[in-house]
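S.K.: Would you mind keeping the following structure in view while I ask a few things?
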Amino acid sequence: MQQSQENLLEIGGHTFRSRLFVGTGKYKSVEETGAALTASGAEVVTVALRRVNLSERGAGSLMELVLSKRWTILPNTAGCFSAEEAVRTLRLARELGIAELVKLEVIGDKKTLYPDNEQTLEAAKILVKEGFVVLPYCMDDPIICKKLEDAGCAAVMPLAAPIGSGLGIRNPYNLQIILEQANVPVIVDAGVGTASDASIAMELGCDGVLMNTAIAEAKNPVLMAEAMREAISAGRKAFLAGRMPQRLYASASSPLQGVMK
(Lines of atoms letter the chains of each structure in order from A; the text may use other names.)
(Lines give C-alpha, C1' and ligand atoms only; values in the text may rest on other atoms or scores of the structure.)
Protein backbone atom coordinates (compact mmCIF):
# COMPACT_ATOMS: atom_id res chain seq x y z
CA MET A 1 0.00 0.00 0.00
CA GLN A 2 1.42 3.39 -0.98
CA GLN A 3 2.29 5.69 1.94
CA SER A 4 -0.21 8.56 2.09
CA GLN A 5 1.25 12.05 2.11
CA GLU A 6 -0.35 12.90 5.47
CA ASN A 7 1.64 10.08 7.07
CA LEU A 8 5.01 11.40 5.93
CA LEU A 9 6.98 13.48 8.43
CA GLU A 10 8.92 16.44 7.04
CA ILE A 11 11.60 18.15 9.11
CA GLY A 12 13.94 20.75 7.70
CA GLY A 13 13.99 19.33 4.19
CA HIS A 14 14.13 15.70 5.35
CA THR A 15 11.20 13.32 4.83
CA PHE A 16 10.59 10.25 6.98
CA ARG A 17 7.99 7.50 6.95
CA SER A 18 8.61 6.42 10.53
CA ARG A 19 7.61 8.78 13.33
CA LEU A 20 9.62 6.88 15.92
CA PHE A 21 13.06 8.28 16.77
CA VAL A 22 15.31 6.07 18.89
CA GLY A 23 18.47 6.43 20.94
CA THR A 24 21.55 4.23 20.99
CA GLY A 25 22.53 4.25 24.67
CA LYS A 26 22.09 1.80 27.56
CA TYR A 27 21.99 -1.40 25.51
CA LYS A 28 23.94 -4.46 26.64
CA SER A 29 25.89 -4.71 23.39
CA VAL A 30 26.22 -3.25 19.91
CA GLU A 31 24.50 -6.38 18.58
CA GLU A 32 21.47 -5.81 20.81
CA THR A 33 21.44 -2.14 19.79
CA GLY A 34 21.32 -3.08 16.11
CA ALA A 35 18.57 -5.64 16.62
CA ALA A 36 16.40 -3.21 18.58
CA LEU A 37 16.91 -0.35 16.13
CA THR A 38 15.95 -2.61 13.24
CA ALA A 39 12.87 -3.92 15.06
CA SER A 40 11.73 -0.37 15.84
CA GLY A 41 11.45 0.54 12.18
CA ALA A 42 12.96 3.93 13.02
CA GLU A 43 14.72 5.87 10.29
CA VAL A 44 16.39 8.34 12.67
CA VAL A 45 18.74 7.32 15.48
CA THR A 46 20.29 9.74 17.93
CA VAL A 47 23.88 9.49 19.20
CA ALA A 48 25.28 11.32 22.23
CA LEU A 49 28.34 13.13 20.90
CA ARG A 50 30.00 13.55 24.29
CA ARG A 51 29.61 9.87 25.19
CA VAL A 52 30.66 8.17 21.95
CA ASN A 53 34.04 8.11 20.22
CA LEU A 54 33.05 9.44 16.81
CA SER A 55 36.38 8.49 15.28
CA GLU A 56 36.04 4.82 16.28
CA ARG A 57 34.39 3.29 13.23
CA GLY A 58 35.86 -0.19 13.11
CA ALA A 59 33.91 -3.42 12.82
CA GLY A 60 31.69 -3.99 15.85
CA SER A 61 31.68 -0.37 16.98
CA LEU A 62 28.55 1.71 17.54
CA MET A 63 29.57 4.26 14.91
CA GLU A 64 30.14 1.49 12.38
CA LEU A 65 26.59 0.31 13.08
CA VAL A 66 24.86 3.68 12.78
CA LEU A 67 26.91 4.68 9.73
CA SER A 68 25.79 1.58 7.86
CA LYS A 69 23.47 3.83 5.80
CA ARG A 70 20.34 2.30 7.30
CA TRP A 71 19.56 5.33 9.44
CA THR A 72 19.74 9.10 9.49
CA ILE A 73 22.00 10.06 12.38
CA LEU A 74 20.71 12.71 14.76
CA PRO A 75 23.72 13.76 16.86
CA ASN A 76 22.77 15.16 20.25
CA THR A 77 24.50 17.28 22.88
CA ALA A 78 23.57 15.22 25.95
CA GLY A 79 25.87 16.12 28.84
CA CYS A 80 26.21 19.79 27.86
CA PHE A 81 25.34 22.33 30.55
CA SER A 82 25.76 25.59 28.65
CA ALA A 83 25.04 27.05 25.24
CA GLU A 84 28.77 27.41 24.65
CA GLU A 85 29.39 23.69 25.31
CA ALA A 86 26.55 22.60 23.06
CA VAL A 87 27.55 24.84 20.15
CA ARG A 88 31.19 23.79 20.38
CA THR A 89 30.23 20.11 20.46
CA LEU A 90 28.09 20.35 17.34
CA ARG A 91 30.70 22.36 15.46
CA LEU A 92 33.25 19.62 16.16
CA ALA A 93 30.79 16.95 15.05
CA ARG A 94 30.22 18.76 11.76
CA GLU A 95 33.96 18.81 11.13
CA LEU A 96 33.93 15.00 11.51
CA GLY A 97 31.32 14.70 8.80
CA ILE A 98 28.15 14.35 10.89
CA ALA A 99 25.06 15.75 9.17
CA GLU A 100 23.51 19.17 9.79
CA LEU A 101 20.38 17.69 11.40
CA VAL A 102 21.03 17.90 15.16
CA LYS A 103 19.31 17.47 18.50
CA LEU A 104 20.12 20.33 20.85
CA GLU A 105 20.15 19.43 24.53
CA VAL A 106 21.37 21.82 27.23
CA ILE A 107 20.82 20.48 30.74
CA GLY A 108 20.08 22.83 33.62
CA ASP A 109 20.01 20.42 36.56
CA LYS A 110 22.03 17.22 37.10
CA LYS A 111 19.42 15.54 39.29
CA THR A 112 16.28 16.03 37.19
CA LEU A 113 18.07 16.48 33.84
CA TYR A 114 15.55 19.19 33.05
CA PRO A 115 16.67 21.43 30.19
CA ASP A 116 17.90 24.99 30.68
CA ASN A 117 15.45 27.00 28.58
CA GLU A 118 17.55 30.16 28.40
CA GLN A 119 20.75 28.37 27.38
CA THR A 120 18.86 26.19 24.91
CA LEU A 121 17.34 29.22 23.22
CA GLU A 122 20.71 30.99 23.09
CA ALA A 123 22.39 27.97 21.52
CA ALA A 124 19.53 27.46 19.07
CA LYS A 125 19.84 30.98 17.71
CA ILE A 126 23.57 30.53 17.08
CA LEU A 127 23.20 27.10 15.47
CA VAL A 128 20.35 28.15 13.19
CA LYS A 129 22.45 31.08 11.92
CA GLU A 130 25.28 28.63 11.21
CA GLY A 131 23.06 26.47 9.04
CA PHE A 132 22.23 23.62 11.40
CA VAL A 133 18.77 22.04 11.29
CA VAL A 134 17.99 22.27 15.00
CA LEU A 135 15.66 20.01 16.98
CA PRO A 136 15.74 21.29 20.59
CA TYR A 137 14.88 19.23 23.67
CA CYS A 138 12.91 21.50 25.99
CA MET A 139 10.37 21.68 28.79
CA ASP A 140 6.71 21.07 27.96
CA ASP A 141 6.26 24.83 28.11
CA PRO A 142 4.25 26.51 25.32
CA ILE A 143 6.21 29.75 25.72
CA ILE A 144 9.69 28.29 25.21
CA CYS A 145 8.42 26.10 22.38
CA LYS A 146 7.10 29.16 20.55
CA LYS A 147 10.35 31.07 21.14
CA LEU A 148 12.38 28.16 19.76
CA GLU A 149 10.15 27.98 16.71
CA ASP A 150 10.50 31.73 16.18
CA ALA A 151 14.29 31.34 16.45
CA GLY A 152 14.18 29.08 13.41
CA CYS A 153 14.21 25.58 14.90
CA ALA A 154 12.92 22.94 12.50
CA ALA A 155 10.91 21.21 15.25
CA VAL A 156 10.39 21.36 18.99
CA MET A 157 10.92 18.42 21.34
CA PRO A 158 9.09 18.93 24.64
CA LEU A 159 9.58 16.26 27.30
CA ALA A 160 6.81 13.97 28.47
CA ALA A 161 8.53 13.40 31.83
CA PRO A 162 12.14 13.48 33.10
CA ILE A 163 14.73 11.66 30.98
CA GLY A 164 14.79 7.94 31.68
CA SER A 165 11.94 8.12 34.20
CA GLY A 166 9.40 6.08 32.25
CA LEU A 167 6.58 8.10 33.83
CA GLY A 168 4.77 8.69 30.55
CA ILE A 169 2.81 11.75 29.47
CA ARG A 170 2.56 13.86 32.64
CA ASN A 171 1.01 16.99 31.16
CA PRO A 172 -1.15 16.33 28.09
CA TYR A 173 -2.77 19.75 28.49
CA ASN A 174 0.46 21.63 27.89
CA LEU A 175 1.20 19.39 24.92
CA GLN A 176 -2.20 20.25 23.47
CA ILE A 177 -1.45 23.97 23.75
CA ILE A 178 1.98 23.47 22.17
CA LEU A 179 0.37 21.55 19.31
CA GLU A 180 -2.29 24.22 18.77
CA GLN A 181 0.25 27.01 18.34
CA ALA A 182 3.07 25.16 16.58
CA ASN A 183 3.87 25.61 12.90
CA VAL A 184 6.70 23.06 13.06
CA PRO A 185 6.64 19.37 14.02
CA VAL A 186 6.23 18.56 17.72
CA ILE A 187 8.17 15.49 18.82
CA VAL A 188 7.76 14.21 22.37
CA ASP A 189 11.22 13.55 23.80
CA ALA A 190 11.97 11.79 27.10
CA GLY A 191 9.88 10.08 29.75
CA VAL A 192 8.04 7.49 27.68
CA GLY A 193 7.94 4.14 29.49
CA THR A 194 5.79 1.77 27.48
CA ALA A 195 3.82 1.45 24.27
CA SER A 196 0.65 3.08 25.59
CA ASP A 197 2.63 6.25 26.41
CA ALA A 198 3.82 6.49 22.82
CA SER A 199 0.32 5.88 21.51
CA ILE A 200 -1.12 8.62 23.75
CA ALA A 201 1.41 11.13 22.44
CA MET A 202 0.46 10.29 18.86
CA GLU A 203 -3.27 10.34 19.61
CA LEU A 204 -2.85 13.88 20.96
CA GLY A 205 -1.52 14.85 17.53
CA CYS A 206 2.22 14.87 18.18
CA ASP A 207 4.27 14.38 15.04
CA GLY A 208 6.65 11.85 16.54
CA VAL A 209 8.23 10.40 19.67
CA LEU A 210 11.89 10.03 20.60
CA MET A 211 12.85 7.38 23.14
CA ASN A 212 15.82 5.38 24.39
CA THR A 213 15.48 3.99 27.92
CA ALA A 214 11.96 2.64 27.38
CA ILE A 215 13.38 0.21 24.81
CA ALA A 216 16.92 -0.32 26.06
CA GLU A 217 15.92 -1.11 29.66
CA ALA A 218 12.97 -3.35 28.80
CA LYS A 219 13.39 -7.02 29.74
CA ASN A 220 13.22 -7.77 26.03
CA PRO A 221 14.42 -4.67 24.15
CA VAL A 222 13.81 -6.08 20.68
CA LEU A 223 10.22 -7.03 21.48
CA MET A 224 9.63 -3.63 23.12
CA ALA A 225 11.01 -1.93 20.01
CA GLU A 226 8.41 -3.79 17.95
CA ALA A 227 5.70 -2.74 20.41
CA MET A 228 6.75 0.90 20.14
CA ARG A 229 6.71 0.70 16.37
CA GLU A 230 3.12 -0.60 16.42
CA ALA A 231 2.04 1.90 19.09
CA ILE A 232 3.29 4.85 17.06
CA SER A 233 1.42 3.56 14.02
CA ALA A 234 -1.80 2.89 15.96
CA GLY A 235 -1.71 6.25 17.72
CA ARG A 236 -1.17 8.11 14.47
CA LYS A 237 -4.05 6.27 12.78
CA ALA A 238 -6.34 7.01 15.73
CA PHE A 239 -5.46 10.72 15.53
CA LEU A 240 -6.14 10.84 11.80
CA ALA A 241 -9.39 8.90 12.23
CA GLY A 242 -10.68 11.27 14.91
CA ARG A 243 -11.94 9.80 18.15
CA MET A 244 -15.60 9.66 19.11
CA PRO A 245 -16.87 12.36 21.48
CA GLN A 246 -16.70 11.63 25.19
CA ARG A 247 -20.05 11.58 26.98
CA LEU A 248 -21.04 11.61 30.62
CA TYR A 249 -23.90 9.14 30.10
CA ALA A 250 -24.40 5.98 28.09
CA SER A 251 -25.34 6.00 24.41
CA ALA A 252 -26.97 2.88 23.00
CA SER A 253 -24.90 1.03 20.40
CA SER A 254 -28.01 0.02 18.47
CA PRO A 255 -30.27 2.70 16.91
CA LEU A 256 -33.81 3.03 18.20
CA GLN A 257 -35.41 3.95 14.87
CA GLY A 258 -37.56 1.19 13.47
CA VAL A 259 -37.56 -0.84 16.66
CA MET A 260 -40.73 -2.92 17.05
CA LYS A 261 -42.93 -1.86 19.95
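The sequence shown runs 1 to 261 under the numbering used here.
Even for Gly, the Cβ is constructed at its ideal location relative to N, Cα and C.
How many Å lie between Asn297 and Thr77 at the Cα?
M.R.: Nothing can be reported for residue 297, as the shown portion of the chain is limited to 1 through 261.
S.K.: Among the residues of its own chain, which have a CB less than 7 Å from the CB of Gly152, if the five just before and after it don't count?
M.R.: Cβ neighbours of Gly152 beyond the five flanking positions: Val128.
S.K.: How should Gln181 be labelled, buried or exposed, when 16 other C-beta atoms within 10 angstroms of its C-beta is the threshold for buried?
M.R.: Exposed.
S.K.: Assuming contact is defined by CB atoms lying nearer than 9 Å, are Asp197 and Ile169 in contact in what I supplied?
M.R.: Yes, these two residues count as a Cβ contact at 9 Å.
S.K.: What's the C-alpha gap between Leu204 and Gly242?
M.R.: So the two alpha carbons sit approximately 10 Å from each other.
S.K.: Would Pro136 pass as a contact of Leu148 if the rule is Cβ separation under 9 Å?
M.R.: Yes, these two residues count as a Cβ contact at 9 Å.
S.K.: In this structure, how does DSSP classify Cys265 when only helix, strand and coil are distinguished?
M.R.: As displayed, the chain neither begins before 1 nor continues past 261, which places residue 265 out of reach and without an answer.
S.K.: What residue does the beta strand (DSSP E) around Asn76 start on, and which one ends it?
M.R.: Unbroken beta strand (DSSP E) run through Asn76: Thr72 to Asn76.
S.K.: Just to confirm, does Val45 get its C-beta within under 8 Å of one of the non-hydrogen atoms of the ligand FAD?
M.R.: Annotation note on the ligand FAD: not contained in the displayed structure, which lists no ligands.
S.K.: Counting along the chain, where does the beta strand (DSSP E) carrying Ala48 start and finish?
M.R.: Start and end: Val44 to Ala48.
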